[in-house]
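2 protein chains.
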Amino acid sequence: MSKAERTRQYIVEKTAPIFNTKGYAGTSLTDMTEATGLTKGSIYGNFANKDEVALASFDYNHKKVIAIIQQEMEKEKTMKGKLLVYANVYENFMKLPFPKGGCPLLNTATEADDTHPQLREKVGDAITSWKNKLVAYLKEGAENKEFKMPANPDQWALTMIATIEGAIMLVQATGKLNYRKLVLQSVEKMILDL
Amino acid sequence: MSKAERTRQYIVEKTAPIFNTKGYAGTSLTDMTEATGLTKGSIYGNFANKDEVALASFDYNHKKVIAIIQQEMEKEKTMKGKLLVYANVYENFMKLPFPKGGCPLLNTATEADDTHPQLREKVGDAITSWKNKLVAYLKEGAENKEFKMPANPDQWALTMIATIEGAIMLVQATGKLNYRKLVLQSVEKMILDL
DNA sequence: TTAATATTATACCGATTGGTATATTTATAA
DNA sequence: TTATAAATATACCAATCGGTATAATATTAA
Chain A
1 MSKAERTRQY
11 IVEKTAPIFN
21 TKGYAGTSLT
31 DMTEATGLTK
41 GSIYGNFANK
51 DEVALASFDY
61 NHKKVIAIIQ
71 QEMEKEKTMK
81 GKLLVYANVY
91 ENFMKLPFPK
101 GGCPLLNTAT
111 EADDTHPQLR
121 EKVGDAITSW
131 KNKLVAYLKE
141 GAENKEFKMP
151 ANPDQWALTM
161 IATIEGAIML
171 VQATGKLNYR
181 KLVLQSVEKM
191 ILDL
Chain L
1 MSKAERTRQY
11 IVEKTAPIFN
21 TKGYAGTSLT
31 DMTEATGLTK
41 GSIYGNFANK
51 DEVALASFDY
61 NHKKVIAIIQ
71 QEMEKEKTMK
81 GKLLVYANVY
91 ENFMKLPFPK
101 GGCPLLNTAT
111 EADDTHPQLR
121 EKVGDAITSW
131 KNKLVAYLKE
141 GAENKEFKMP
151 ANPDQWALTM
161 IATIEGAIML
171 VQATGKLNYR
181 KLVLQSVEKM
191 ILDL
């Protein structure tokens with residue numbers, strides 16, 4: 001790994017939390033130089049523009065979430081157990097190395113929908129992939145006779161994602177942490193009732 | 001209504017859609033002068049600063065949603081019918097005079113949580129009030145023997161709100177309109193199963 | 001160790017940011 | 001109709017925005 005690659009990664013590491021909290025329009029070059037201790041020249045020697053850092057930062061934040069889920073997932077054998085990981089991860093994300101600022105999907109989706117098409121596409125792809133993974137677990141669980149397939153698996157998966165993301169939004173807006181717990185208990189019930 | 005009050009309202013009318021689409025950090029004074037056809041001097045003659053316009057714009061957008069729901073609600077007699085209004089309004093919000101840019105609660109919550117405490121508080125209050133209304137309908141429906149009370153009414157209400165807001169987020173991210181329909185059908189089922 | 005190269009810092013650019021003092025116009029009450 | 005007050009426009013402010021040309025400094029291969 002060359003020096004440049006290392007600083008590129010360093011820049012992303014330090015700026016990703018800022019993009020995830022202040023948003024993409026709300027994060028300035030000055031925020032980035034202060035967080036990294038580097039100068040503008042140094043940042044622009046490694047990235048073409050602010051957008052490119054934003055895109056890389058989203059990827060970094062999202063991969064962090066994926067990694068946590070995958071790690072927790074490996075402990076589980078049953079499909080219900082694997083599905084429950086999603087609810088548990090989001091329920092306990094203060095205890096886990098979750099990206100600062102909350103869920104990058106939620107944060108990015110609402111800001112980028114009209115203003116930043118590339119970012120929006122990344123979020124869209126992430127959601128589609130999440131949905132497809134959930135449907136795959138449903139199929140495997142049904143084939144293993146662990147539970148019976150819901151009538152509309154896509155609908156089931158999308159409802160689960162929507163409820164989780166909505167739970168995070170409720171906490172961001174109200175500051176009431178128990179709101180997340182209550183809603184995620186509903187998600188758990190949804191899984192256990194399969 | 002004085003001239004000043006009328007222009008104040010005019011400014012909010014014209015800028016509220018911009019705040020709701022581009023966000024509060026993403027909306028500039030120039031955006032506001034272009035949308036209104038007024039000058040900065042005129043805007044600052046009626047508002048102390050950009051923040052004050054943002055706050056008034058949020059109120060305007062939120063009241064618009066409240067008004068739609070209230071109007072649709074009056075047609076309904078049963079509590080189930082009233083609860084279903086929420087799902088139906090969000091399912092058909094292209095056909096209704098819904099604020100441009102989508103749900104102001106969702107849009108504002110994710111941006112304002114770290115950057116704009118006053119705005120965040122407004123969103124928080126709106127959500128709490130929404131939850132309380134839902135719980136009140138549940139109580140009335142249970143008292144009328146229309147259905148039986150869910151075990152945890154707060155949880156039921158918060159789950160419904162989270163799922164609706166999550167559904168909107170999914171559409172913003174993926175652009176797939178049928179995602180909203182699918183998720184809101186789950187919300188409908190949640191109500192019908194009471 | 002040296003020369004070539006890659007990386008980072010300095011100093012600057014024009015444009016735009018939110019905001020304001022003042023002049024001009026418009027509404028309003030006498 | 002006129003005087004007064006209210007509302008709007010003009011012209012400006014310093015600060016910051018994202019971005020860049022160039023100079024200085026490290027890195028790296030020979």
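Order-wise, the sequence lines are chains A and L.
Read in UniProt numbering, the first sequence has 173 at position 173, and its numbers run on one by one without any break.
Read in UniProt numbering, the second sequence has 25 at position 25, and its numbers run on one by one without any break.
From the three backbone atoms N, C-alpha and C, an ideal C-beta is built for every residue, glycine too.
Check, Outcome
"What first and last residue would you give for the alpha helix (DSSP H) that runs through A/H62?", "50-74"
"State buried or exposed for L/E140, treating a residue as buried only when at least 16 other CB atoms are found within 10 Å of its CB.", "exposed"
"In the region 1-29 of chain A, which residues sit with their C-beta less than 8 Å from some C-beta in chain L, listed in chain order?", "T21, K22, G23, A25, G26"
"Helix or strand or just coil, what does DSSP make of L/M160?", "helix"
"Since A/K80 contacts A/F147 with CB under 8 Å, what's their CB separation in whole angstroms?", "7 Å"
"What's the call for A/A25, buried or exposed, on a 16-neighbour Cβ count within 10 Å?", "buried"
"Would A/A151 pass as an interface residue toward chain L - the criterion being a Cβ-Cβ separation below 8 Å?", "no"
"Contact criterion: CB-CB distance below 8 Å. Does A/I191 meet it with respect to chain L?", "no"
"Tell me, to the nearest whole angstrom, how far the beta carbon of A/K131 is from that of A/F58; I am working on the premise that it is less than 8 Å.", "Actually they are not in contact, since the Cβ atoms of A/K131 and A/F58 sit about 19 Å apart, beyond 8 Å."
"Using the beta-carbon count (16 or more within 10 Å), is L/L184 buried or exposed?", "buried"
"Select from the region 161-174 of chain A all residues with a C-beta closer than 8 Å to any C-beta belonging to chain L, and list them in chain order.", "I161, A162, T163, I164, E165, G166, A167, M169, L170, Q172, A173, T174"
"If the criterion is Cβ atoms closer than 8 Å, does the pair A/T8 and A/N61 meet it?", "For the record, residue 8 of chain A in the displayed sequence is Arg; it is not Thr. Going by C-beta atoms, A/R8 is not nearer than 8 Å to A/N61."
"Excluding the five sequence neighbours on either side, which residues of its own chain have a C-beta within less than 7 Å of the C-beta of A/M190, listed in chain order?", "M160"
"On the three-state DSSP scale, how would you describe A/P17?", "helix"
"When the Cα atoms are used, what is the spatial distance from A/Q155 to L/A167?", "11 Å"
"Residues of the region 131-155 of chain L in Cβ contact with chain A at a cutoff of 9 Å, in chain order, please.", "K131, N152, D154, Q155"
"Is there a C-beta anywhere in chain L that falls below 8 Å from the one on A/S42?", "no"
"Can you tell me where the alpha helix (DSSP H) with A/K189 in it begins and where it stops?", "177-192"
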